[in-house]
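Everything on this sheet refers to the single structure shown next.
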Amino acid sequence: MTLIFKNGLMLVGYDTPLPVESQKPGDRVKVCLVGVPANCPPGDTRGKVYRVHDPRLGQSYTLPDAMHTCGGA
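Per this note's numbering: the sequence shown = residues -19 to 53.
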């Protein structure tokens, strides 16, 4: 599953979080960076984790920006 936000941020996951199934295109959401991997090779920016809150639904979920963290496959 891949989510692409209007600002270009792309989040991915193997499973679709339950709130995503209820979201509608155009829903305003609040996206916060909640985790950054440490000791990454230069130029490898994968593995940031974001929390997405949809106030219309009153629900949140957390997803990474890549299937593998920095230095991974």
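The C-beta atom is built at its ideal place from N, Cα and C for all residues, glycine as well.
Predicted model only: the values in this text are computed from it and were never measured.
Check, Outcome
"For the beta strand (DSSP E) that Leu(-2) lies in, which residues bound it at each end?", "Run containing Leu(-2): none in the beta strand (DSSP E); it sits in the alpha helix (DSSP H), -2 to 2."
"Hey, how far is the Cα of Gly27 from the Cα of His48?", "6 Å"
"Beta strand (DSSP E) containing Asp34: first to last residue?", "29 to 34"
"Whose C-beta lies closer than 6 Å to the C-beta of Val11 among residues of the same chain, with five residues either side of it excluded?", "Tyr30, Val32"
"Just curious, the beta strand (DSSP E) that Lys10 is in, first and last residue?", "10 to 15"
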